[in-house]
Amino acid sequence: MKAAAAAVREAAAVYGRAPAARIWTAFADGLDCIAQLEAWRVAVLSAEVDADRHLRAARRRFEGMEASSGATLFETELRARLRPLTEPEPDADGLRSALGTLPMPIALFADPEPQLPSWAREPREQVTPPPELAVAFLAFAIDGRSAERIHWLAPQQTHDLKLEVKVSRWPEGADRIRLSPVSVEPARTFDLPTFEFDRPSGPGPYTFSETGRMVLHTPQALEARPYEFLYAAEFSPLESEQPVVVAGQRILRLNGSDPRQNPITGYPGIDRKLIAIRDQLRREPRISEPEAADVLQVLAALGNLMGQAVQDARYPQPISEAAFQDDVRQMLRGSRFIGVELEEQAHAAGGRTDLSYRGVRIELKSERVRSLTLEDCKRYAAQAATYAIGTNRLVGVLCVLDATPKTAVPFPVEDGIEIVPVETATSPVYVAICLVQGGLPRPSDLSR
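Numbered according to full-length UniProt numbering, the sequence shown spans residues 1 to 448.
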């Protein structure tokens, strides 16, 4: 049936613009409807998955035929004989028989496209458009280093910004190209250079390079998005050829966070690690900005606790998990950003979480027998991940105290924080692990 429909449609093309072409095309559409209906019947008898897709296709094709066909007697009768397609259980055999007994009109002529006489077939002059006017940003370099995808830039300091650009051709009437920054950032928060290059001599393409000065006036908060600047190109005077196609690396994303001017935990190494974790969370599109901000608030408080644990030997002896929970609760409640919003023993996924802040579940562990590494702590990550999923979150927090007596030098505090993925049946969730060091030896004991 499909082959017959294709043959009829091919015959309809012979008639060009004549009315017969539309009539034969409508008949071919009717044959396609019957073919889909027969495929539906076979699929139902064979118990195929989603057999009704063939019936839906037949009905949609019939709806299209009703909208496009004309009002001739043949087309009207064709639509009437195919209308049972809209019934719940259409009869394929009956429709095929009805279509087979429909008399076809005789097409006596075609209406070909009019052809110009030979004397009128003069070749027209081909107007070749000028090649595309493109400006390609080849490279940005900041203080001698290539700009990264998100480049960290110390605020309130002057930095070099080098730009290298390539222009495909120079438009007629233009004497200068101007490359200027465009941004939605408040104007008082930054100063970026504008680059201008005069018309060069000789044929294109042309390559230009220049270095200017840039400065970010305002440091960013931990939760703030990076500064974003886009460089646009235009030729002057403005009456010259426009627009200009801009390609290449023309967007600068600058991270203006500065732990020295705007400390997060009071421990610079931990602050740098938290900024890296912030960027890692932002690269996961499923994690919302509010959830990432809440997780960072918890990690900032726990990061300060980790620093105190090493600097002040806060946990010289092993303690129980309940005692550790009391201490962490007091520490978090002492943060002005957390305070009253910290919950204890909140329910999630059929269990009780130790602590919770705005839905961020915090699981606590205290190891009193065996010394732990960050890799060892990952065996607890599944529990923290389950609590996070039970609250419809993608990030949970696991804080582990290792207060076993030690005889070795403690590791850098920032090395005890890490984000690890926990695989599920569909997509990963994440757990932020904080390993708090306790049971540290006195420095004088290490020299004996």
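Just so it is clear, CB atoms sit at the ideal spot from N, CA and C, and this is done for glycine as well. Owing to the predicted nature of the structure, the values given are computational and were not obtained by experimental measurement.
By Cβ distance below 6 Å, which residues in the same chain neighbour residue i in space, the five residues on each side in sequence not counted?
i: Pro259; result: Pro268 and Asp271
i: Ile275; result: Ser257
i: Gly359; result: Thr391 and Arg393
i: Phe208; result: Val165 and Phe197
i: Thr404; result: Ser371 and Gly439
i: residue 449; result: Lying before the first or after the last residue shown, residue 449 is absent from the chain, which here runs from 1 to 448.
i: Arg59; result: Leu85
Please name the residue in the options whose C-alpha comes closest to that of residue i.
i: Asp326; options: Leu355, Arg60 and Pro318; result: Leu355
i: Gln261; options: Asp52, Pro205, Gln157 and Phe27; result: Gln157
i: Gln383; options: Gln437, Gly396 and Leu372; result: Gly396
i: Gly248; options: Ala57, Lys378, Ile338 and Val135; result: Val135
i: Pro226; options: Glu185, Leu372 and Ala232; result: Glu185
i: Ala26; options: Val44, Glu38, Ala39 and Arg81; result: Arg81
i: Thr101; options: Phe74, Ala292 and Arg53; result: Phe74
i: Val310; options: Tyr357, Leu435 and Val295; result: Leu435
i: Met214; options: Ile417, Val246, Leu254 and Ala233; result: Leu254
i: Arg314; options: Leu296, Ala147, Arg442 and Ala92; result: Arg442
i: Ser183; options: Thr211, Ala233 and Ile251; result: Ile251
i: Ala98; options: Pro88, Glu87, Glu89 and Arg83; result: Arg83
i: Glu410; options: Leu398, Leu153, Val420 and Asp312; result: The question names Glu, yet the displayed sequence has Pro at residue 410. The candidate whose alpha carbon is nearest that of Pro410 is Asp312.
i: Gln203; options: Trp170, Leu305 and Lys406; result: Correcting the residue type first, residue 203 is Pro in the shown sequence and not Gln. It is Trp170 whose Cα lies nearest to the Cα of Pro203.
i: Glu414; options: Arg329, Pro290 and Ile277; result: Ile277
i: Ala233; options: Gln220, Phe137 and Leu305; result: Phe137
For residue i, I'd like the list of residues in its chain whose CB is within less than 8 Å of its CB, leaving aside the five on either flank, ordered along the chain.
i: Thr72; result: Pro19, Ile23 and Pro105
i: His217; result: Pro155, Gln156, Arg188, Thr189, Phe190 and Asp191
i: Ala300; result: Leu222, Ile264, Thr265, Leu274, Ser335 and Phe337
i: Glu418; result: Leu374, Ala432 and Ile433
i: Ala174; result: Arg199, Phe235, Ser236, Pro237, Ser240 and Glu241
i: Arg329; result: Leu342, Glu344 and Leu355
Under 7 Å from any heavy atom of the ligand ADP, does the C-beta of residue i make it?
i: Asn304; result: As for the ligand ADP, it is missing from this structure, which has no ligand bound.
Mind checking residue i: buried by the 16 CB within 10 Å criterion, or exposed?
i: Gln36; result: buried
i: Ser69; result: buried
i: Thr424; result: exposed
i: Lys2; result: exposed
i: Glu363; result: buried
i: Thr353; result: buried
i: Pro181; result: buried
i: Leu116; result: exposed
i: Gln345; result: exposed
i: Ala13; result: exposed
i: Leu386; result: Before going on, a small fix: residue 386 reads as Thr here, not Leu. Under this definition Thr386 is a buried residue.
i: Pro90; result: buried
Starting from residue i, follow the alpha helix (DSSP H) in both directions and report where the run begins and ends.
i: Met306; result: Glu289 to Gln311
i: Arg9; result: Lys2 to Val14
i: Gly269; result: Pro268 to Arg282
i: Asp376; result: Leu374 to Cys377
From what residue to what residue does the beta strand (DSSP E) around residue i run?
i: Thr211; result: Tyr206 to Leu216
i: Lys365; result: Val360 to Glu367
i: Gln383; result: Here Gln383 belongs to no beta strand (DSSP E); instead the alpha helix (DSSP H) covers Ala381 to Gly390.
i: Ile264; result: Premise fails: Ile264 is in no beta strand (DSSP E) and is neither H nor E.
i: Gln437; result: Val429 to Gln437
i: Lys162; result: His159 to Val167
i: Arg225; result: Segment: none, Arg225 is in no beta strand (DSSP E) and carries neither H nor E.
i: Glu239; result: Run containing Glu239: none; DSSP gives neither H nor E here.
i: Val182; result: Arg176 to Val182
i: Glu196; result: Phe195 to Asp198
i: Ile417; result: Ile417 to Val422
i: Asp402; result: Val395 to Asp402
i: Ile251; result: Ile251 to Asn255
i: Gly173; result: Here Gly173 belongs to no beta strand (DSSP E), and DSSP marks it neither H nor E.
i: Val246; result: Val245 to Gly248
i: Ser356; result: Leu355 to Tyr357
Just checking: is the beta-carbon of residue i within a distance shorter than 8 Å of some beta-carbon in chain B?
i: Glu210; result: In the structure shown, chain B cannot be found, because there is only a single protein chain.
Give every residue of the same chain whose Cβ lies closer than 7 Å to the Cβ of residue i, excluding the five residues on either side of it in the sequence, and list them in chain order.
i: Arg96; result: Ile34
i: residue 449; result: This structure cannot settle anything about residue 449, because the visible part of the chain is limited to 1 through 448.
i: Val8; result: Trp24, Phe27, Ala28 and Leu31
i: Arg282; result: Ala292
i: Ser320; result: Ser366
Contiguous alpha helix (DSSP H) assignments of at least 4 residues, all confined to the segment 35-109: 52-68, 73-82 and 92-100
Complete beta strand (DSSP E) runs within the segment 311-349 (minimum length 3 residues, chain order): 342-344
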